[in-house]
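To start, the structure itself, in structure tokens.
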Amino acid sequence: MSHEPSLQKNNDALDQVTLERDACSDFLSIMVHQLRTPLTANKWALGMMANSDFGEKSDEEKKILDRIIENNNQAIKLLAEVSQAHHVDAWTMQLDIQPANMNECIDHVVESFIPEAGSKNISITYNRNDDLPIIKVDKNRMCIALQNLVENAIKYNKHGGKVTIETKVHNDHVTIIIHDTGIGIPHDAQRKLFSKFFRAPNALHHSQGTGLGLYVVKQIVEAHHGSVWVESQESFGSMFFISLPLAK
Ligand code: ADP
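In the working numbering, the protein residues as written are 38 to 285.
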């Protein structure tokens, strides 16, 4: 008995799924691009207005302008996160694996967040290990994962809090730990934390978010055969761990 007709049917169905995914992928990429262009132009124009390039403003006008700038930035960030989440979904993620020194990535991420941490009087420290072994990763992707974790450690922290980053080397793994003294995560919420769009109840009134950042982290880390997890106590802070295999 021949199975060819049903094999053909399966292949047709797979082709159809691939076509639909490609169409969806194209649609999303176009939409993100088309929305980002005017929002970025707005950001530039609003920046000029805020810097008094168009004359002095009343306090009321400044307040309204600040709100527009914040909403515009929020929309840009949302697009960036949707785009990130889309690009790490299994069928579109292509890794560029190279030997990398994670110290460079962590240094870069820490440096880029110093102004934001400073604005909330939060200290950010990296206990650098100069002997950190080289690992094989897609450095750009891994920097995005770290960036998302450090951003959260600042965002969900308290005024005057601390963010500390350290690395540990076990037999065959490097672990990066991001420690914060922020609002923490309720026990029940911890197991759902890395799913798409999930936000813990105590975060909802604390700050705005999409619930996509940790999903992106998990996809990136797991694509490297690593793991990510959290230890946290509500009101006292959190520790996020990324563990990656050492290059053989
Ligand atoms: P977002 O921050 O946009 O909501 P994330 O996916 O980055 O999305 O995080 C998901 C949720 O995990 C957050 O809404 C928050 O409830 C919780 N969370 C993440 N990082 C921290 C942290 N460092 N401290 C407390 N809660 C956190």
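Where is the CB? At the ideal position from N, CA and C, for every residue including glycine.
Environment of residue i [buried if 16+ CB atoms lie within 10 Å]
i	result
leucine 183	buried
lysine 100	exposed
phenylalanine 231	buried
isoleucine 67	exposed
serine 272	exposed
serine 89	exposed
isoleucine 263	The identity of residue 263 in the sequence shown is glycine, whereas the question assumes isoleucine. Buried, by the Cβ-count rule.
Own chain partners of residue i with C-beta closer than 8 Å, once the 5 adjacent residues on each side are dropped
i	result
valine 146	Cys180, Leu183, Gln184 and Val187
leucine 76	Asn109, Ala112, Ile113 and Leu116
leucine 83	Leu102, Ile105, Ile106 and Asn109
serine 39	In this prediction, serine 39 scores a pLDDT of 45, lower than 50, which makes its location untrustworthy; the coordinate-derived value is nonetheless stated afterwards. Cβ within range, chain order: n/a, list empty.
methionine 85	Phe91
Contact under 7 Å by Cβ, residue i with residue j
i	j	result
valine 206	leucine 281	no
lysine 233	tyrosine 252	yes
isoleucine 8	isoleucine 105	The chain is shown from 38 up to 285; residue 8 falls before or after that span and cannot be answered.
glycine 197	asparagine 158	yes
leucine 169	asparagine 140	yes
valine 174	alanine 137	yes
lysine 199	serine 244	no
phenylalanine 235	glycine 248	yes
alanine 237	proline 223	yes
Proximity winner among the options, relative to residue i (alpha-carbon distances)
i	options	result
serine 275	Ile101, Thr218 and Ile161	Thr218
lysine 114	Gly250, Asn140, Ser269 and Glu271	Gly250
threonine 162	Ala122, Glu203, Lys192 and Asn140	Glu203
lysine 80	Trp266, Ala122 and Ala112	Ala112
glycine 18	Lys195, Asn140 and His216	This structure does not reach residue 18, given that the chain is present from 38 up to 285, and the question cannot be answered.
isoleucine 151	Gln245, Thr74 and Ala190	Ala190
aspartate 144	Ser89, Asp167 and Gly248	Asp167
arginine 165	Glu97, Pro238, Gln270 and Cys142	Cys142
alanine 226	Phe91, Ser269, Gly263 and Thr201	Ser269
serine 160	Ser149, Ile134 and Thr201	Thr201
Distance cut-off 6 Å: residue i Cβ against heavy atoms of the ligand ADP
i	result
glycine 197	no
serine 232	no
tyrosine 193	yes
alanine 122	no
leucine 251	yes
serine 236	A small fix is needed here, since residue 236 is arginine in this sequence, not serine. Answer for arginine 236: yes, Cβ within range of the ligand ADP.
aspartate 217	yes
isoleucine 214	no
threonine 162	no
alanine 29	Residue 29 lies beyond the residue range present for the chain, which begins at 38 and ends at 285; the question has no answer from this structure.
isoleucine 143	no
alanine 182	no
alanine 154	no
alanine 240	yes
isoleucine 257	no
isoleucine 220	yes
Same chain only: Cβ atoms within 7 Å of residue i, ignoring 5 sequence neighbours per side
i	result
alanine 260	Met130 and Leu132
glycine 172	The amino acid occupying residue 172 in the given sequence is isoleucine; glycine does not appear at that position. Hits under 7 Å: Ala137, Met139, Val211, Leu281, Leu283 and Ala284.
leucine 72	Leu116
leucine 65	His123
alanine 290	Nothing can be reported for residue 290: it is not among the residues displayed for the chain, which extend from 38 to 285.
alanine 153	Per the sequence shown, the amino acid found at residue 153 is glutamate instead of alanine. Contacts found: Ile191.
threonine 74	none
Residue i Cβ short of 6 Å to the ligand FAD heavy atom set
i	result
alanine 190	Among the ligands present in this structure, namely the ligand ADP, the ligand FAD is not found.
Residues near residue i in its chain [Cβ-Cβ closer than 6 Å; skip 5 each side]
i	result
valine 69	Leu116 and Ser120
phenylalanine 277	Leu186, Ile215 and Val267
glutamine 256	Val125
asparagine 177	none
serine 95	none
Minimum Cβ-Cβ distance from residue i to chain D less than 7 Å
i	result
alanine 137	Chain labels in this structure do not include chain D; a single protein chain is all it has.
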